[in-house]
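Residue numbers (the numbering used here), protein chains in the order written: chain R, 1356 to 1585; chain D, 1356 to 1585; chain B, 1356 to 1585; chain C, 1356 to 1585.
Input: a single structure, listed below in structure tokens.
Number of protein chains: 4
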Amino acid sequence: MPRFARRLKKHEGTLRVEAFSDGVFAIAATLLVVDLKPPRGAMTGAQLVDALVAEWPTYVSYAMSFLYLGIIWAHHHAVYRLLKRTDQVFLTINILFLMVIAVLPFPTAILGEYLGERGERHRIATLVYTGTLFVTALLFNALWLWGKHERRLIDDDLDERVIRATTRHYLVAPIAYALAFVVAWWAPVAAVIIVLAMALFYLLPSELLQSYEHREPRAHADIAPDASRA
Amino acid sequence: MPRFARRLKKHEGTLRVEAFSDGVFAIAATLLVVDLKPPRGAMTGAQLVDALVAEWPTYVSYAMSFLYLGIIWAHHHAVYRLLKRTDQVFLTINILFLMVIAVLPFPTAILGEYLGERGERHRIATLVYTGTLFVTALLFNALWLWGKHERRLIDDDLDERVIRATTRHYLVAPIAYALAFVVAWWAPVAAVIIVLAMALFYLLPSELLQSYEHREPRAHADIAPDASRA
Amino acid sequence: MPRFARRLKKHEGTLRVEAFSDGVFAIAATLLVVDLKPPRGAMTGAQLVDALVAEWPTYVSYAMSFLYLGIIWAHHHAVYRLLKRTDQVFLTINILFLMVIAVLPFPTAILGEYLGERGERHRIATLVYTGTLFVTALLFNALWLWGKHERRLIDDDLDERVIRATTRHYLVAPIAYALAFVVAWWAPVAAVIIVLAMALFYLLPSELLQSYEHREPRAHADIAPDASRA
Amino acid sequence: MPRFARRLKKHEGTLRVEAFSDGVFAIAATLLVVDLKPPRGAMTGAQLVDALVAEWPTYVSYAMSFLYLGIIWAHHHAVYRLLKRTDQVFLTINILFLMVIAVLPFPTAILGEYLGERGERHRIATLVYTGTLFVTALLFNALWLWGKHERRLIDDDLDERVIRATTRHYLVAPIAYALAFVVAWWAPVAAVIIVLAMALFYLLPSELLQSYEHREPRAHADIAPDASRA
């Protein structure tokens, strides 16, 4: 089978899984905003401004979760780019992963409700939130580890060093969110800072993402076997 | 027409139907979470934890329905992979099928409301829920039976044994959900266990899904007629 | 330019417009269900059943609107299949059309609220609902008439008779919904029956949809210029 | 690499980003309608009509925001057509851009709540609304400026004049929305008129959109290298 056909086939094989996943990501991200309701009962303009400002914990939670979803969506996409096919176990892990992604508006709403205060309820909201992120990171790693184990689902000519770098890169997330979960018992604000730091970490150019650049020339060759024929 | 072009054509023919279906699946799955609201009125941390724990029937209903939607989505996808084209009756059944899929958040919310108690209301909620799953399974089978009857819409070179295995595999669902519906009159918990068992059944590797593996070599040949030319 | 490349180009040209449209259709259809809420306050099982049964006008409105959206989506898809490109006016009409599609959950909820009673409010709800369908049908016709006028956006080799049949076929809708709107003043139930009859009319095999079958052979030739080369 | 393969590759490279973006646009647009609720408590038909008419500010806000989202979606699409690839900074700006797009139902609901009155609250609602549009326009320009700077992400053979015209065309938006924001302090209605005027401006055929027409012949050549071979 020529490389072009193989590529199209691969594309077809994962296309609808990716479409379904994209849908869940996009909807979960957009549903976050459903909790933002225009304040009612504000009599004067000053009261309206106060009411809007008082909702800041909801805005922070919304922004943090949207950023988180955007970034994990990008990495979900990156993993799919390395796959040559999927199997049933992978699809099952993917469903469980999406289940936790879709549930994220719930812990986000809880955090938005209690982020603005100090005390017990703030701590519990942060524990629920970081706990959810931890489970998401675990399932994301399960997806990758299942796919890369003995090159089960990944491209044959993918460099072993890229695989190892990817594995290391993604293992940071569950460790950091577990840390945030533990820290949340004593210092919920510190836990939130860890979550934001992780967002920055996965946004920064990394070994993993550099490897994509390096792959480009190979990819070119991959789909252009006809060039030699022209 | 070369096989590659035929494949692209087929792809085009069902692409938007699949996109619309994927959208409905993804949104229905994500809307399930809209019923999860942060508890209000909890004064202390302990009360908040209690209120969160007390919502467990909602979590169970959510997880069960999300899993159900994920699995039936995967099988909907599997059926489309076997199709070479669609017709008007198929599209009409597909709309009715999606109508019931989209309504699922409603029985899920009813079940989440009453799953945690014993008695009449629990039984009625379970009847509504299993009844909806039964109708979904009926319409799914109608889709497949219409498509496979006299090979109306399916690939010409699809093995007759694969068709028969698929038919048998999917007929299990309406029978099991009808059973769950009947059982729900006496033992709602047993009905819920049947629903979860069906999820496992359709997740396990099956004759049907193995057949996909077997088809791969054929598929390779299918889109690589150029290989002989190269 | 070979026909295959032209086809791919066309596909690319309308792909994202169709994806955006599909998204709006799928979400509007799925949001219809947001109005279905589990009844609260039912003390006994019998009361719960009564409360569920009492919501029948909501179920009827939901089913009618979902069916309507599914069918108009299919015909929107059919029109795009006849297009070879889009232009700015077409895209603008498409945005206005989608705006009314996305608003449909609102008149559906109004109808669901008052369909079960007799009198003034029922009549007004039916007027709002049929009025919305009338505007949708007008914009749908505007889309088609703009595209087909002097073959502005449609395939060059599309049979003139197919174009005329399509125009006639789609003109039935605004006329019927205008009729339903007028009838709603005296007999709201008759207006609802007209809406359901239109759904059946657009589901039945028609001259327009038969023409697609006839086009198939041409389409085969269209994307298979390589056949002569093989 | 032949041009056809390059085109397919480009397509693949931005496909899922566009799918995710389309999803967010479509859902944000459709969620706008969630604020439209059937009026309750209307005793008579006349009261129902009054209640429906009294919601006009919500309808105006909905229509304005839907139109806005439809137009900015179309231009987002137009920018992606000029891209040959994406990079990490571009994706990050895109996530921030989509974050503000997804939040739009919130300022829309605020505007819908207070558009119908005169005074402080109306002014504040208009400030929040135009402020959000201003941020959206800034991020949209950031996307384009990052991509076009030193032709970082855009097609190599894109005419320099097209790039300059595009830059000028998109710079109008943040300036106009900044103006609307300032004007909103004294005359909120004038600010709303500026927003509507901008919608018209971006709907009108422009130098930018004409350039697409001019590009068509080049695009033809681009994907039809085989023509010379046939």
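Glycine included, every Cβ here is placed at the ideal spot set by N, Cα and C.
C-beta neighbour in chain B for residue i, strict 9 Å
{"i": "Phe1556 (chain D)", "result": "no"}
{"i": "His1569 (chain C)", "result": "Per-residue confidence for His1569 (chain C) stands at a pLDDT of 35, beneath the threshold of 50, marking its modelled position as unreliable; the derived number appears in the next sentence. With 9 Å as the cut-off, His1569 (chain C) does not count as an interface residue toward chain B."}
{"i": "Ala1418 (chain C)", "result": "yes"}
{"i": "Phe1461 (chain D)", "result": "yes"}
{"i": "Arg1478 (chain D)", "result": "yes"}
{"i": "Phe1445 (chain C)", "result": "no"}
{"i": "Arg1395 (chain C)", "result": "yes"}
{"i": "Val1544 (chain D)", "result": "no"}
Cutoff 8 Å; reference residue i; Cβ partners in own chain excluding five residues on either side
{"i": "Leu1391 (chain B)", "result": "Glu1410, Thr1413, Tyr1414, Tyr1417"}
{"i": "Ile1426 (chain B)", "result": "Ala1554, Tyr1557, Leu1558"}
{"i": "Thr1490 (chain D)", "result": "The identity of residue 1490 (chain D) in the sequence shown is Val, whereas the question assumes Thr. Answer for Val1490 (chain D): Val1455, listed in chain order."}
Contact set for residue i: own chain, Cβ-Cβ below 7 Å, skip 5 residues either direction
{"i": "Met1419 (chain B)", "result": "Val1550, Leu1551"}
{"i": "Leu1534 (chain B)", "result": "Ile1549"}
{"i": "Leu1470 (chain B)", "result": "Pro1412, Val1415, Ser1416, His1477, Ala1480"}
{"i": "Leu1513 (chain B)", "result": "Leu1437"}
{"i": "Ala1383 (chain D)", "result": "Leu1424, Ile1456, Ala1457, Leu1459, Pro1460"}
{"i": "Gly1523 (chain C)", "result": "What sits at residue 1523 (chain C) in the sequence shown is Arg, not Gly. Cβ within range, chain order: n/a, list empty."}
{"i": "Ala1464 (chain D)", "result": "Asp1390"}
{"i": "Val1547 (chain D)", "result": "Thr1481"}
{"i": "Lys1503 (chain C)", "result": "Ile1509, Ile1518, Thr1522"}
Check whether residue i and residue j have beta carbons under 9 Å apart
{"i": "His1431 (chain C)", "j": "Phe1375 (chain C)", "result": "no"}
{"i": "Asn1449 (chain D)", "j": "Val1372 (chain D)", "result": "yes"}
{"i": "Ala1480 (chain R)", "j": "Leu1403 (chain D)", "result": "yes"}
{"i": "Glu1475 (chain C)", "j": "Gly1400 (chain R)", "result": "yes"}
{"i": "Leu1386 (chain D)", "j": "Leu1386 (chain R)", "result": "yes"}
{"i": "Ala1492 (chain B)", "j": "Ala1528 (chain B)", "result": "yes"}
{"i": "Lys1439 (chain C)", "j": "Leu1526 (chain C)", "result": "no"}
{"i": "Thr1485 (chain R)", "j": "Phe1421 (chain R)", "result": "no"}
Residue i at chain C interface by Cβ criterion, 9 Å
{"i": "Asp1377 (chain R)", "result": "yes"}
{"i": "Lys1392 (chain R)", "result": "yes"}
{"i": "Phe1495 (chain R)", "result": "no"}
Close beta carbons around residue i, own chain, < 6 Å, minus the five adjacent residues each side
{"i": "Ala1545 (chain R)", "result": "Val1538"}
{"i": "Leu1451 (chain B)", "result": "Leu1494"}
{"i": "Thr1487 (chain D)", "result": "Pro1462"}
{"i": "Arg1570 (chain C)", "result": "Per-residue confidence for Arg1570 (chain C) stands at a pLDDT of 38, beneath the threshold of 50, marking its modelled position as unreliable; no derived number is given."}
{"i": "Gln1443 (chain R)", "result": "none"}
{"i": "Leu1466 (chain C)", "result": "Ser1416, Ala1480, Tyr1484"}
CB contact below 9 Å: residue i versus chain D
{"i": "Leu1564 (chain B)", "result": "A caution first: Leu1564 (chain B) carries a pLDDT of 49, below 50, which makes its placement in the model too unreliable to give a value."}
{"i": "Ile1427 (chain R)", "result": "no"}
{"i": "Ile1450 (chain R)", "result": "yes"}
{"i": "His1432 (chain B)", "result": "yes"}
{"i": "Ile1549 (chain B)", "result": "no"}
Buried or exposed (CB count within 10 angstroms, at least 16 for buried), residue i
{"i": "Glu1468 (chain D)", "result": "buried"}
{"i": "Met1553 (chain D)", "result": "buried"}
{"i": "Met1454 (chain D)", "result": "buried"}
{"i": "Val1517 (chain B)", "result": "buried"}
{"i": "Ile1530 (chain C)", "result": "exposed"}
{"i": "Asp1510 (chain D)", "result": "buried"}
{"i": "Val1388 (chain D)", "result": "buried"}
{"i": "Leu1498 (chain C)", "result": "buried"}
{"i": "Trp1540 (chain D)", "result": "exposed"}
{"i": "Val1483 (chain R)", "result": "buried"}
{"i": "Asp1377 (chain C)", "result": "buried"}
Residue i beta carbon near the ligand GDP (any heavy atom closer than 8 Å)
{"i": "Leu1482 (chain D)", "result": "Among the components of this structure there are no ligands whatsoever, and the ligand GDP is therefore not found."}
9 Å Cβ cutoff, residue i in contact with chain R
{"i": "Ala1492 (chain D)", "result": "no"}
{"i": "Ala1346 (chain D)", "result": "Nothing can be reported for residue 1346 (chain D), as the shown portion of chain D is limited to 1356 through 1585."}
{"i": "Leu1387 (chain D)", "result": "yes"}
{"i": "Ala1409 (chain D)", "result": "no"}
{"i": "Val1537 (chain C)", "result": "no"}
{"i": "Val1415 (chain C)", "result": "no"}
Residue-chain proximity (residue i, chain E), Cβ-Cβ < 9 Å
{"i": "Gly1467 (chain C)", "result": "In the displayed structure, chain E is absent; the protein chains listed are R, D, B and C."}
Practice problem: With a floor of 4 residues, list each alpha helix (DSSP H) that falls wholly inside the segment 1481-1556 of chain R, ordered by position along the chain. | Solution: 1515-1541
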